[in-house]
Amino acid sequence: KMTADSEMEIKEAFNRAQKGHNNKAKLVAVLKNRYNTLEDKTLFHEKFIHYLKYAMIVYKREPAVENVIEFVAKFASKEDEEEEDDHPFLTFIFNFLLESHKANSHAVRFRVCQLINKLLGSMSENAQIDDDLFDSLHQAMLIRVTDKFPNVRIQAALAMTRLQQPQDPDCPTVSAYMLILDNDSNAEVRRAVLSCIAMSPITLVKVLKRTRDVKESVRKLAYQVLADKVHVKALSIAQRVTLLEEGLHDTSGTAVKTRLLPSWLKHLDGDVVLLLPRLDVENCSETALEVLKAIFTNMPEEEMLKDRVKLIPGDALSCENVIYWRALCEFVRAKGDEGEEMLEKILPDAATYADYLQGTVPVLSEAQRAEFNSLEMAMRKEFISQQLIHLVGCLDTNEEGGRKRVLAVLQELLCRPQTPASLVSLLTEKLLSLIPDDNRRIQMVAEIISDVREPIAEAGPPLDEAQDRRRQIKLAEVKVRILEARQALDDCIAAQEFSNAAQFKDSITELENQRNLVLQEAAEGSQPVDREVRTEKSDPDTLLRCLTMCAELLKQMNIKTRIGPTLSAIVSSLIVPCIANAHPAVRNMAVVCLGTSALHSKELAKAHMVLLLQIAQLDEVKIRISALRSIIDLLLLFSFQLLSEKPVTQATPASHSPGGQEEEEPTEEKGDLAGDTAQSILQLLSEFLDGEVSDLRTETAQGLAKLMYMDRFSSAKMFSRLVLLWYNPVTEGDTSLRHCLGVFFQLYARESRAHQEVVGESFLPTVRTLMNAPATSPLAEVDPSNVVELLVELTRPGTLIKPSVCVHDSMALRVCGEILKDQTAPEVRLYAKTLNNLEVSANEGTRQELHALLLEVTQVTPANQVAQVTPANQVARVTPANQVARVTPANQVARVTPANQVTRVTPANQVTRVTPANQVARVTPANQVARVTPANQVTQVTSANPHPNAR
Numbered sequence: 001k002m003t004a005d006s007e008m009e010i011k012e013a014f015n016r017a018q019k020g021h022n023n024k025a026k027l028v029a030v031l032k033n034r035y036n037t038l039e040d041k042t043l044f045h046e047k048f049i050h051y052l053k054y055a056m057i058v059y060k061r062e063p064a065v066e067n068v069i070e071f072v073a074k075f076a077s078k079e080d081e082e083e084e085d086d087h088p089f090l091t092f093i094f095n096f097l098l099e100s101h102k103a104n105s106h107a108v109r110f111r112v113c114q115l116i117n118k119l120l121g122s123m124s125e126n127a128q129i130d131d132d133l134f135d136s137l138h139q140a141m142l143i144r145v146t147d148k149f150p151n152v153r154i155q156a157a158l159a160m161t162r163l164q165q166p167q168d169p170d171c172p173t174v175s176a177y178m179l180i181l182d183n184d185s186n187a188e189v190r191r192a193v194l195s196c197i198a199m200s201p202i203t204l205v206k207v208l209k210r211t212r213d214v215k216e217s218v219r220k221l222a223y224q225v226l227a228d229k230v231h232v233k234a235l236s237i238a239q240r241v242t243l244l245e246e247g248l249h250d251t252s253g254t255a256v257k258t259r260l261l262p263s264w265l266k267h268l269d270g271d272v273v274l275l276l277p278r279l280d281v282e283n284c285s286e287t288a289l290e291v292l293k294a295i296f297t298n299m300p301e302e303e304m305l306k307d308r309v310k311l312i313p314g315d316a317l318s319c320e321n322v323i324y325w326r327a328l329c330e331f332v333r334a335k336g337d338e339g340e341e342m343l344e345k346i347l348p349d350a351a352t353y354a355d356y357l358q359g360t361v362p363v364l365s366e367a368q369r370a371e372f373n374s375l376e377m378a379m380r381k382e383f384i385s386q387q388l389i390h391l392v393g394c395l396d397t398n399e400e401g402g403r404k405r406v407l408a409v410l411q412e413l414l415c416r417p418q419t420p421a422s423l424v425s426l427l428t429e430k431l432l433s434l435i436p437d438d439n440r441r442i443q444m445v446a447e448i449i450s451d452v453r454e455p456i457a458e459a460g461p462p463l464d465e466a467q468d469r470r471r472q473i474k475l476a477e478v479k480v481r482i483l484e485a486r487q488a489l490d491d492c493i494a495a496q497e498f499s500n501a502a503q504f505k506d507s508i509t510e511l512e513n514q515r516n517l518v519l520q521e522a523a524e525g526s527q528p529v530d531r532e533v534r535t536e537k538s539d540p541d542t543l544l545r546c547l548t549m550c551a552e553l554l555k556q557m558n559i560k561t562r563i564g565p566t567l568s569a570i571v572s573s574l575i576v577p578c579i580a581n582a583h584p585a586v587r588n589m590a591v592v593c594l595g596t597s598a599l600h601s602k603e604l605a606k607a608h609m610v611l612l613l614q615i616a617q618l619d620e621v622k623i624r625i626s627a628l629r630s631i632i633d634l635l636l637l638f639s640f641q642l643l644s645e646k647p648v649t650q651a652t653p654a655s656h657s658p659g660g661q662e663e664e665e666p667t668e669e670k671g672d673l674a675g676d677t678a679q680s681i682l683q684l685l686s687e688f689l690d691g692e693v694s695d696l697r698t699e700t701a702q703g704l705a706k707l708m709y710m711d712r713f714s715s716a717k718m719f720s721r722l723v724l725l726w727y728n729p730v731t732e733g734d735t736s737l738r739h740c741l742g743v744f745f746q747l748y749a750r751e752s753r754a755h756q757e758v759v760g761e762s763f764l765p766t767v768r769t770l771m772n773a774p775a776t777s778p779l780a781e782v783d784p785s786n787v788v789e790l791l792v793e794l795t796r797p798g799t800l801i802k803p804s805v806c807v808h809d810s811m812a813l814r815v816c817g818e819i820l821k822d823q824t825a826p827e828v829r830l831y832a833k834t835l836n837n838l839e840v841s842a843n844e845g846t847r848q849e850l851h852a853l854l855l856e857v858t859q860v861t862p863a864n865q866v867a868q869v870t871p872a873n874q875v876a877r878v879t880p881a882n883q884v885a886r887v888t889p890a891n892q893v894a895r896v897t898p899a900n901q902v903t904r905v906t907p908a909n910q911v912t913r914v915t916p917a918n919q920v921a922r923v924t925p926a927n928q929v930a931r932v933t934p935a936n937q938v939t940q941v942t943s944a945n946p947h948p949n950a951r
């Protein structure tokens, strides 16, 4: 039987366990010895649970309580170590916890899950428990992982670690884990599941998805879990590349550099070159370069230089070792003077490398390119050549001889017809990088273009076809006569007519002399003459090469360099004629060259702007996009005054919204545009926004955002169009468009007060379009309150870089005027909510004008149109100078001071009855709205930039 001494020992053990410095193993051993001496352990169990309950009602992670929980777990698990089959105390503890897991107190539920977690974690690896107990624990924890308290869910998820069966595709624990990873809103819960989920083909996909989680801590842990639990060979090439590409650009990129990459290299015996074939370097070269440079950061210099040679033999070149060579050279060169000595060990001098490069660039005939096997080999060789050309940028070209040799080789490669077209742009870029002067660059490229388009060829005299025909006929006649004479000679010899035979023999000799004479004349007529001529080539491949070099030249030139005679000749003789070429690739490159060259000459831009506009409407999508980019660049550089030297005030033409609703009441537009032509351009761009071509729509939106941000034009209506486009469900899959506009709205609004005025002016047209959108329009799915919240946040004075007068004053006046137009309109409730969210300034005149309008609004607006401001119908806080009293959760108006109380409204959204005449109470001598006390202010919870698809 249990004695009072035993009870005192339990109590003393719990008291001493609270202190962290005590040896818990000794306490467990002493209490365990006492427990083993008891015959009837029922009373011990009851007292043990009695003292345990004191700790289980504490939710806060107090050190003393944590020590007690740790002590209980060790005491219960010690029985598991000593007894193999029977675990009476452990079973008793589990049953007690299972009975308590549905307690109303979240503290008790938390401690129950925590204890189950620690008990299961403390059991030995080969421990076994009863099947019924296993099922009960499993079901209880499956319930608790859906608890409304995150800490309870965390402990429940951790407790199920040893209950999961990853081999079973229908395991409920694994299913619960995957559901939590996808749907739980608490980042710490997702982290807990990531730390304990077992890897399988099913769960791997979910863990990979968490590398794109909205929380950095979750993404970082996901990379660590992949590094610790997943072998590099278990991932596909696409998964590896995506992991590295996203991870190295993530703010948690250190996890990739310090955990994931070292883990993968460990699986490959530390050989970096063996990792590269698993990353598909041919198609993902930039990712491979970033990976290599990240590895080199933590690699000793001796290991980097191990087995390195200055030149890799041509037959030993592969995609992997050449990109490793390039990455190493670029990494060392980036060190500056510090890496010069090391660079000399891995790269030869410029002249030697130029000769090496000349011999490695592939030369394949058209027949070889047509064969599949040869094509695959050609693509591999082209990739190797690209990396070798990139290495030209790492050479030391300060020495004149070496630089001239490199220039000569690059020029020779560009002139060679067999050089792959994919290398032309890169070769031109490296060639121009060695020539600092723009005039020399232009001259050099012009000479190469001339050699490529009009190659030198040897030519003979013109062939006289009639004379050649007569010669051939004469030769045939002589041959026939010789055959006839020989036949007659044979007949005479057979008939023994030797005198006649002698005559025939003489005639044969004469005929043979005539034949030789004719052959000699034919040979002399076809003999080549030492003369060189230039023949112009106009095939698509040649034109594309020339245009590519021209485009690279224009891109490398200083924007201030004007178009000289040489470039003018290239534009007129090469670029403009190619605009009408039948080959789409040639036309596209010609449009790019024309747009780029126009940036260097305002006159050229004026001359060809109409042509670019026509191309943007009529040609193939890719060419239209190139023309549109050129148009936007020209307008950014020269503004709309490019179209007219006399600027006039421009109003954007009426346009249709993406939902099909025409905006009937245009707002006032600001800025100086350039007459009718500018109107036409904006009308054209508006039509592109409504088009079905996604790429063209995205490019147009980006161009309009650039023009508005650079103040090339100012239009509230166009801003409204962009906002509606951003929210339109049609653009949900266009991440580039959504990202661009999301950044533009913030930058545009914070730049100046004039920009905020444009945003404010776009408020009413935007709301009107959304509210009037038909049910069949995609805009009918957009929540107008979300859009309103965005526009209000963008126009807050606190967002401006330079503080200025708030535009909310004018917005409030316009909103009040809109309410007074039609009090029964469905958007009145939304407008009223907006009024409560605006930060009205302390200007006396504005406040009085707004107060008068609000009085008129409250008198004419029906009681059922009072806005729902917050989920509890609370009035939002404005500014300290103009705060509106907040109501209580029971729909009551907040008390201000005992002298200025507002009577409580009814729960049915009724308007406050202040006086018998329903007039607004005099709160202050100036009839100002009373300022609430700090105790009655409710914190605003609206986001700064709401979006329907925010992660």
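Residue numbers for the sequence shown follow full-length UniProt numbering, beginning at 1 and rising by one. Where a beta carbon is used, it is the ideal one built from N, C-alpha and C, also for glycine.
From what residue to what residue does the alpha helix (DSSP H) around residue i run?
i    : result
A832 : 828–837
H600 : Premise fails: H600 is in no alpha helix (DSSP H) and is neither H nor E.
M549 : 540–556
S136 : 131–144
E400 : 400–415
V332 : 319–333
N581 : Looking at the DSSP string, N581 is not in any alpha helix (DSSP H), and its letter there is neither H nor E.
H45  : 42–56
I202 : 201–210
Q641 : Per DSSP, Q641 belongs to no alpha helix (DSSP H) and is neither H nor E.
F92  : 88–100
G359 : 350–360
Going by Cα to Cα distance, which pick from the options is closest to residue i?
i    : options                : result
V592 : L179, K555, P565       : K555
D130 : K266, L163, R111       : L163
E699 : V759, R753, V621       : V621
G595 : N581, R470, I625       : I625
D822 : P797, E793, L248, V857 : V857
L544 : V478, S433, S425       : S425
T834 : N500, E818, K560       : E818
Q224 : V256, S720, V767, Q859 : V256
I389 : R278, V406, M609       : V406
L738 : Y748, P150, L722       : A small correction: the amino acid at residue 738 is Arg; Leu does not occupy that position in the sequence shown. Of the listed residues, the one whose Cα sits closest to R738 is L722.
S144 : A234, A350, T769, N104 : Per the sequence presented here, residue 144 reads as Arg, with Ser not at that position. Of A234, A350, T769, N104, the residue nearest in Cα terms is N104.
Kindly give me the distance between the Cβ atoms of residue i and residue j, rounded to whole angstroms, as I take these residues to be in contact under 8 Å.
i           : j    : result
V218        : L194 : 7 Å
S601        : R629 : About 18 Å; that fails the 8 Å criterion.
residue 972 : C740 : Because the chain here runs from 1 to 951, residue 972 falls outside it and cannot be looked at.
I449        : I312 : Their Cβ separation, rounded to whole angstroms, is 33 Å, which puts I449 and I312 out of contact at 8 Å.
Report task. May I have a chain-ordered list of the alpha helix (DSSP H) segments no shorter than 4 residues that lie completely inside the stretch 218–293? Result -> 237–249, 261–267, 272–275
Review point. Enumerated in chain order, which unbroken segments of the beta strand (DSSP E) with a length of 3 residues or greater are wholly contained in the stretch 752–834?
Key: none
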